[in-house]
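Working notes, structure below.
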Amino acid sequence: MPKKATDSIVVNGEMQLAIEKRTTISNTKTPKQMIKKKGDGFDYVEEGYMRAMLDKVYPDWSWLPTPNDSVHFLGSEWVVVSGVLEITEEESGRKRRFFSPGAARVQFKKNQPHTVENVIDIDKNVASANSMGFKRACNRLAHIADDVYRKQVRTDFITEEQEKAYDDLLKTAKDVGMKMTRLAQWRNAKETIYQSNYVDAFNSFYEEVNHLEKQTKKTNKETK
Amino acid sequence: MPIPFDKTTVTMEKKEFSPIPEGKYFTNITEYNEPKEITTRKGAICDVLKLTLSIDGSKHPDLEGRKIWADVWITKTVNGENPSSSDNIKFYKFLEAINYPLDNEEAEIDGVKTPVLLLPQGAKEIFSEEIEGKPLVVTTFLDNWTDKDGNPRQTAKVKFFEKWEGGSTIDADDDLPF
Numbered sequence: 052m053p054k055k056a057t058d059s060i061v062v063n064g065e066m067q068l069a070i071e072k073r074t075t076i077s078n079t080k081t082p083k084q085m086i087k088k089k090g091d092g093f094d095y096v097e098e099g100y101m102r103a104m105l106d107k108v109y110p111d112w113s114w115l116p117t118p119n120d121s122v123h124f125l126g127s128e129w130v131v132v133s134g135v136l137e138i139t140e141e142e143s144g145r146k147r148r149f150f151s152p153g154a155a156r157v158q159f160k161k162n163q164p165h166t167v168e169n170v171i172d173i174d175k176n177v178a179s180a181n182s183m184g185f186k187r188a189c190n191r192l193a194h195i196a197d198d199v200y201r202k203q204v205r206t207d208f209i210t211e212e213q214e215k216a217y218d219d220l221l222k223t224a225k226d227v228g229m230k231m232t233r234l235a236q237w238r239n240a241k242e243t244i245y246q247s248n249y250v251d252a253f254n255s256f257y258e259e260v261n262h263l264e265k266q267t268k269k270t271n272k273e274t275k
Numbered sequence: 232m233p234i235p236f237d238k239t240t241v242t243m244e245k246k247e248f249s250p251i252p253e254g255k256y257f258t259n260i261t262e263y264n265e266p267k268e269i270t271t272r273k274g275a276i277c278d279v280l281k282l283t284l285s286i287d288g289s290k291h292p293d294l295e296g297r298k299i300w301a302d303v304w305i306t307k308t309v310n311g312e313n314p315s316s317s318d319n320i321k322f323y324k325f326l327e328a329i330n331y332p333l334d335n336e337e338a339e340i341d342g343v344k345t346p347v348l349l350l351p352q353g354a355k356e357i358f359s360e361e362i363e364g365k366p367l368v369v370t371t372f373l374d375n376w377t378d379k380d381g382n383p384r385q386t387a388k389v390k391f392f393e394k395w396e397g398g399s400t401i402d403a404d405d406d407l408p409f
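In structure tokens, the structure reads:
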């Protein structure tokens with residue numbers, strides 16, 4: 052039977068601290084009251100929330116125009132605003148940047164030709180395009196609202212050794228007569244195991260298999 | 232390299248899609264998609280296994296490559312209580328048809344000890360590798376429905392699952408997703 056799992060400690064450098072901060076922000080749950088719903092059913096957060104979070108996590112930030120054509124019109128129908136979000140990571144002392152365009156449709160008076168005099172309020176459309184680009188940059192560079200935009204990616208996968216130990220335990224579980232339905236639960240749970248929950252998951256499974264093994268031995272003895 | 236193009240052979244007619252006729256088909260389960268949890272109006276909580284069945288070309292040369300989509304419902308609870316065996320009869324028939332390994336146990340029902348089979352209570356208790364690629368015979372019927380534009384449509388739906396005696400399991404994962 053495989054051995055019980057134990058914790059391990061990894062020593063980090065400054066860059067590691069910066070990466071950990073990004074991971075922490077990425078894993079942060081956005082408060083419900085800050086999550087809005089678009090007409091198409093997708094969730095989003097407002098620009099104000101992004102700005103407030105930037106002030107909190109990376110206070111030294113700037114939203115800069117791109118050198119050329121930071122505001123660009125596609126015919127008379129669309130406006131594209133492109134910018135660069137720059138932040139300073141206090142942990143590493145490095146500046147990081149992310150280029151991000153945003154677009155919005157120019158709104159015209161209803162049933163009128165799409166000409167300049169029929170534009171309702173171009174300021175709002177440009178601001179909207181700018182806001183789109185800025186929000187995307189906040190999310191992609193600073194990981195704010197990763198849960199809302201479904202950008203949470205875990206990379207703390209279990210190692211090959213850990214996976215092998217888990218597979219060995221699955222085999223032992225089968226050998227000691229664990230019910231197929233329960234075995235499938237543990238087998239399927241493997242897909243949800245990362246470094247953060249490996250020790251707990253493995254040890255719970257281990258205890259269960261161990262208990263079952265003892266029980267089986269006892270039953271076999273009694274039968275004899 | 233240029234693409235040869237002959238405009239005299241161009242046809243603007245759309246290929247008519249014909250549904251798979253009602254009948255009995257030899258298939259293999261080629262896709263087992265992420266199950267969906269559904270709560271019915273009667274208060275049953277079910278997992279729906281979404282399966283794609285590929286028709287076997289050697290048995291049905293005219294329909295080689297055609298697919299049948301089948302839903303298998305697992306009733307997990309009914310109004311918070313365990314479901315009756317009748318609630319999961321179709322699920323059981325499906326498992327039996329693919330030789331899914333099931334444990335059995337003695338349970339006391341109405342004071343009588345009876346051997347019972349232990350069905351998986353939902354998708355999380357299922358081994359997907361015991362489903363993917365498995366041979367299966369299905370009997371289909373044509374389901375009539377109306378699409379959002381009001382056009383009448385027909386889809387082949389599975390009525391019964393049966394064992395395919397002598398059928399072989401195939402490697403269902405032979406296509407790369409990109």
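Same order as they appear, the protein sequences are chains W and L. Here the first sequence stands for residues 52 to 275, numbered as in the numbering used here. Here the second sequence stands for residues 232 to 409, numbered as in the numbering used here. Even for Gly, the Cβ is constructed at its ideal location relative to N, Cα and C.
Distance between beta carbons of residue j and residue i, contact taken as under 8 Å
i                : j                : result
Val368 (chain L) : Phe257 (chain L) : 6 Å
Ala154 (chain W) : Val130 (chain W) : 7 Å
Phe372 (chain L) : Ala328 (chain L) : The pair is not a contact, with the Cβ atoms about 17 Å apart (cut-off 8 Å).
Glu137 (chain W) : Leu115 (chain W) : 6 Å
Leu349 (chain L) : Leu333 (chain L) : 6 Å
Ala69 (chain W)  : Glu142 (chain W) : 4 Å
Phe185 (chain W) : Met101 (chain W) : 7 Å
Leu280 (chain L) : Ile305 (chain L) : 7 Å
Asp111 (chain W) : Thr139 (chain W) : 4 Å
Arg148 (chain W) : Val135 (chain W) : 5 Å
Val96 (chain W)  : Ile76 (chain W)  : So it is not a contact: roughly 13 Å between Cβ atoms.
Exposure label - residue i; buried when at least 16 CB within 10 Å
i                : result
Asn259 (chain L) : buried
Gly228 (chain W) : exposed
Asp197 (chain W) : buried
Asn271 (chain W) : exposed
Gly92 (chain W)  : exposed
Ile60 (chain W)  : Below a pLDDT of 50, predicted positions are generally treated as unreliable, and Ile60 (chain W), at 45, falls in that range; the measurement from the model is reported next regardless. Under this definition Ile60 (chain W) is an exposed residue.
Val62 (chain W)  : Only weak support exists for where Val62 (chain W) lies, its pLDDT of 45 falling under 50; the value from the coordinates is given anyway. With fewer than 16 Cβ atoms within 10 Å of its Cβ, Val62 (chain W) is classed as exposed.
His234 (chain W) : Checking the sequence, you will find Leu at residue 234 (chain W) rather than His. Leu234 (chain W) comes out buried.
Ile286 (chain L) : buried
Arg238 (chain W) : buried
Phe248 (chain L) : exposed
Ile299 (chain L) : buried
Asn310 (chain L) : exposed
Met232 (chain L) : exposed
Thr261 (chain L) : buried
Lys307 (chain L) : buried
Asn119 (chain W) : exposed
Val277 (chain W) : This structure cannot speak to residue 277 (chain W), because chain W is shown only from 52 to 275.
Thr243 (chain L) : Correcting the residue identity first, residue 243 (chain L) is Met in this sequence and not Thr. Its Cβ having fewer than 16 others within 10 Å, Met243 (chain L) is exposed.
Asp380 (chain L) : exposed
Val241 (chain L) : exposed
Val303 (chain L) : buried
Ala338 (chain L) : exposed
Ser255 (chain W) : exposed
Proximal chain L residues relative to residue i, where beta-carbon distance stays under 7 Å
i                : result
Asn239 (chain W) : Lys355
Ala334 (chain W) : Residue 334 (chain W) lies beyond the stretch modelled for chain W, which goes from 52 to 275, so this question has no answer here.
Ala235 (chain W) : Pro351, Glu356, Ile357 and Phe358
Partner residues on chain W for residue i, Cβ-Cβ distance less than 8 Å
i                : result
Leu333 (chain L) : Met231
Any chain B beta carbon closer than 8 Å to residue i
i                : result
Glu211 (chain W) : The structure shown has no chain B; the protein chains it does contain are W and L.
beta-carbon residue i near the ligand ADP non-hydrogen atom, thresh 7 Å
i                : result
Ser127 (chain W) : As for the ligand ADP, it is missing from this structure, which has no ligand bound.
Three or more C-beta pairs below 8 Å linking the segment 232-241 of chain L and the segment 246-253 of chain W:
no
At 4 residues or longer, what runs of the alpha helix (DSSP H) sit wholly inside the segment 96-120 of chain W?
98-108
Touching or not, the segment 250-265 of chain W and the segment 214-227 of chain W, by the rule of three or more beta carbon pairs under 8 Å?
yes
For the segment 316-356 of chain L, list the beta strand (DSSP E) runs that are entirely contained and at least 3 residues long, ordered along the chain.
334-340 and 343-349
Looking at C-beta atoms only, is the number of pairs between the segment 200-220 of chain W and the segment 170-179 of chain W that lie closer than 8 Å three or more?
no
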